[in-house]
Amino acid sequence: MRLFDGQRAWVVQRISALLLLVLAVLALPFASPLDFSAWRAFAGGVLGGPLIALLFGALCAHAWVGLRDIVLDYIQPRGLRLAVLSLIAVVLLGVLVRVLLSLAAAALST
Amino acid sequence: MRLDIYRFDPESGAPPRMQAYEVQPEAGDKKLLDVLMRLRVQDDSLSFRRSCREGVCGSDAMNINGRNGLACLTALEGLKEPIVLRPLPGFPVIRDLIVDMTQFFAHYHSIKPWLISDAPLPERERLQSPTERERLDGLYECILCACCSAFCPSYWWNPDKFIGPSGLLQAYRFIADSRDTATAERLDFLDDVYRLYRCRTIMNCTEVCPKGLSPSHAIERIRLALLRRSS
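So the sequence lines, in the order shown, correspond to chains A and B.
Residue 68 in the UniProt record's numbering sits at position 68 of the first sequence, with consecutive numbering throughout.
Residue 179 in the UniProt record's numbering sits at position 179 of the second sequence, with consecutive numbering throughout.
So this is what it looks like as structure tokens:
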């Protein structure tokens with residue numbers, strides 16, 4: 001787990017926070033509701049697809065570090081801690097895979 | 001003057017309780033410790049640590065009206081009555097206001113709180129420029145009273161693995177020292193999800209330090225030193 005240990009997790013948390021902030025500001029002009037076809041065209045585009053992937057990548061990385069911190073603080077029994085961490089990892093990876101699959105589908109259909 | 005003091009005697013087998021006291025301060029009693037010393041004459045079973053009575057030894061750290069502090073530096077004036085005294089939160093209680101500091105000092109020792117230098121022994125002393133010496137201001141003054149660590153939620157949850165604000169402030173004191181050559185080893189030791197990164201910048205440590213130091217600032221400097229090293 002060196003990938004998300006010590007300093008790296010701390011850096012990942014900060015970089016992903018910055019990305020989330022920047023992407024949220026970028027998303028503001030799109031705050032007005034778009035219809036499904038417009039969204040699909042945006043998600044399938046050369047700019048929209050990677051941006052949405054980046055947004056969810058940053059979101060999942062940020063959520064992982066934050067939730068892991070909470071688990072390390074409050075859940076002390078090893079077995080329960082491992083179970084909860086695994087559940088969080090599976091859910092976050094599931095979200096990420098689902099988003100990437102949708103983006104790929106949108107890109108293929110445009 | 002009314003006080004409510006946490007009492008616990010492990011030999012009696014009775015659970016901890018709060019005991020009410022009434023004491024009349026005399027002229028010249030300015031600090032909480034003065035009243036505690038007067039109380040001890042009334043009830044010699046009341047146990048607490050004290051030594052220098054001037055904020056240098058750090059022995060009489062306790063929780064005063066919900067806030068950690070040194071009894072000898074806490075002015076009686078302005079203290080809300082009854083003054084509620086409890087042992088340092090999160091630390092195992094030995095008796096009354098006396099806590100077990102073993103783990104706290106084990107963390108302190110783990111950061112190797114001494115100068116490590118592979119430079120040849122100087123004839124007289126290791127010199128520093130005034131600027132280099134200034135970098136130790138706000139660090140060397142720590143008296144290890146544990147007010148900060150015992151007020152840190154991250155330390156409450158992981159007292160066995162998180163070094164705590166006091167130990168980390170001391171660690172940075174040696175990282176910042178121009179005469180110390182073991183900075184890389186010190187940083188390697190601290191780069192751990194528990195030892196350093198349990199700190200969530202809650203800043204209770206800085207808020208409560210009776211010497212006015214800022215452990216959270218020192219912790220931030222350690223993180224930046226780690227970042228600078230890896231970039």
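Even glycine gets a Cβ: it sits at the ideal position worked out from N, Cα and C.
Being a predicted model, the structure only gives us computed values, none of them experimental.
Check: Check whether S44 of chain A and A107 of chain A have beta carbons under 8 Å apart; Outcome: According to the sequence shown, residue 44 of chain A is Gly rather than Ser. A contact, by the Cβ cut-off of 8 Å.
Check: Minimum Cβ-Cβ distance from W39 of chain A to chain B less than 8 Å; Outcome: no
Check: Below-8 Å beta-carbon distance, W64 of chain A vs any chain B residue; Outcome: no
Check: 8 Å Cβ cutoff met for I175 of chain B and A119 of chain B; Outcome: no
Check: Same chain only: Cβ atoms within 8 Å of M29 of chain B, ignoring 5 sequence neighbours per side; Outcome: The amino acid at residue 29 of chain B is misidentified as Met; the sequence shows Asp. Same-chain partners within the cutoff: V35, R38, L76.
Check: Segment contact, 8 Å Cβ cut-off, at least three pairs: the stretch 178 to 194 of chain B with the stretch 104 to 119 of chain B; Outcome: yes
Check: Whether N68 of chain B touches P87 of chain B by CB criterion (8 Å); Outcome: no
Check: Beta-ladder partner(s) of D4 of chain B, from DSSP; Outcome: B:A20, B:V84
Check: Beta carbon proximity, G6 of chain A to chain B, threshold 8 Å; Outcome: yes
Check: Inter-residue spacing [alpha-carbon to alpha-carbon] between M1 of chain A and R14 of chain A; Outcome: Only weak support is given to the placement of M1 of chain A: the predicted model assigns it a pLDDT of 46, under 50, and the value that follows is read from those uncertain coordinates. Taking the straight line from one Cα to the other gives about 19 Å.
Check: With 16 other Cβ atoms within 10 Å as the buried cut-off, status of K31 of chain B; Outcome: buried
Check: Cβ of S149 of chain B within 8 Å of any chain A Cβ; Outcome: no
Check: Any chain A beta carbon closer than 8 Å to R223 of chain B; Outcome: yes
Check: Status (buried if at least 16 other CB within 10 Å, exposed otherwise) for F36 of chain A; Outcome: exposed
Check: For R195 of chain B, the three-state DSSP class (helix, strand or coil); Outcome: coil
Check: At least 3 beta-carbon pairs within less than 8 Å: the stretch 11 to 25 of chain B vs the stretch 58 to 70 of chain A; Outcome: no
Check: Rounded separation between L23 of chain A and R200 of chain B - CA only; Outcome: 25 Å
Check: Complete runs of the alpha helix (DSSP H) confined to the stretch 7 to 60 of chain A [at least 4 residues]; Outcome: 36 to 44
Check: Per-residue contacts from W157 of chain B into chain A (C-beta, under 9 Å); Outcome: L72, D73, Y74, Q76
Check: Opening and closing residue of the alpha helix (DSSP H) in which V93 of chain B lies; Outcome: Not the alpha helix (DSSP H): V93 of chain B falls in the beta strand (DSSP E), residues 93 to 95.
Check: Beta-carbon neighbours of A9 of chain A, restricted to chain B and to distances below 9 Å; Outcome: V193, Y197
Check: Neighbourhood of I222 of chain B by C-beta distance below 8 Å, restricted to the same chain and skipping five residues each side; Outcome: L168, A171, Y172, I175, L187, L190, L196
Check: Span of the alpha helix (DSSP H), counted from its first residue to its last, around N204 of chain B; Outcome: 204 to 208
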